[in-house]
Amino acid sequence: MGSGTGRRGWWLFRSKVRCPEEVVRHSRDLLSCVLEDREACSNNHDPKREQKLTADVRKSIREMKCILYGNGDAEPVTEACTNLTKEFFKENTNTLRLLIVCLPYLDLETQKDVTQVIANLQRQKIDSMIIASDYLEANKDILDILMSGYDNMEIAIHYSTILRDCIRHQVAARYVLDSEHMKKFFDYIQLPDFNVASDAFRTFK
């Protein structure tokens, strides 16, 4: 790529082998760009850049998934999973929030990968402690975002799946039970979309 492209964030798209921490940071940077583009005036959208950005997000999320779950040739490496988890939940970063907020803007396969990545990270232990629980306690508004996801039929299933993984932690479950959103679950259970209504019932149980 030439040095005179002048494109904002062009450096994000260069391909290289990354360590787990770099994979998380790279994903965070890409998701920040996705959010910035969506918040910008629609008239300024560059379709080619948007397509490239979407593809790079897909690849980066898939890298995280491979580190956490392994692939057909290798099992996940404990040290790599630990390093990824530490960076993902690092203080004053917003990787989980970005993933959740940007989820509606990602393609279906990437959305599925995101839910699997988050599910795995909810169980990862650092020094025998599940740090996802502490992170959610300090960022309870993320649970509000997930609970409000039932209002968007296109992402309701994914948000509810993530929510169920989060409320495995006592601190998150207690917050959800005391939340104003809890009253809405009776409405969600009666939604005309059978899949979404059934999913809401699973979460409610």
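Quick note: the sequence shown uses the UniProt record's numbering, first residue 1, plus one each step.
In this text, a Cβ means the ideal position worked out from N, Cα and C, and glycines have one as well.
Whether residue i touches residue j by CB criterion (8 Å)
i, j, result
"L143", "Y159", "no"
"residue 230", "I130", "Because the chain is modelled from 1 through 205, residue 230 falls outside the range shown and cannot be assessed."
"V171", "L136", "yes"
"R164", "D107", "no"
"E113", "K65", "The residue you asked about is not Glu; residue 113 is Asp in the sequence shown. Result yes, Cβ atoms of D113 and K65 sit closer than 8 Å."
"H169", "S133", "yes"
"T93", "I162", "no"
Whole-angstrom distance between residue j and residue i, CA atom to CA atom
i, j, result
"C102", "D56", "14 Å"
"A80", "D178", "37 Å"
"R18", "G149", "33 Å"
"residue 230", "S60", "Outside the modelled stretch of the chain, which goes from 1 to 205, sits residue 230, for which no answer is possible."
"Y105", "L99", "10 Å"
"F13", "E36", "With a pLDDT of 46 at F13, under the threshold of 50, the modelled position of this residue cannot be trusted; read the value that follows with caution. Straight-line Cα distance between these residues: approximately 16 Å."
"N152", "I67", "31 Å"
"D46", "R174", "44 Å"
"N139", "E154", "24 Å"
"Q111", "T82", "23 Å"
Segment limits, alpha helix (DSSP H) that includes residue i
i, result
"D29", "P20 to E39"
"A74", "Careful: A74 lies outside any alpha helix (DSSP H) and carries neither H nor E."
"S160", "A156 to C166"
"Y175", "Q170 to D178"
"D134", "I131 to A138"
"D141", "D141 to M147"
Cβ contact (3+ pairs, closer than 8 Å) linking the segment 84 to 100 and the segment 18 to 36: yes
In chain order, each beta strand (DSSP E) run of at least 3 residues that lies wholly inside the segment 40 to 125: none
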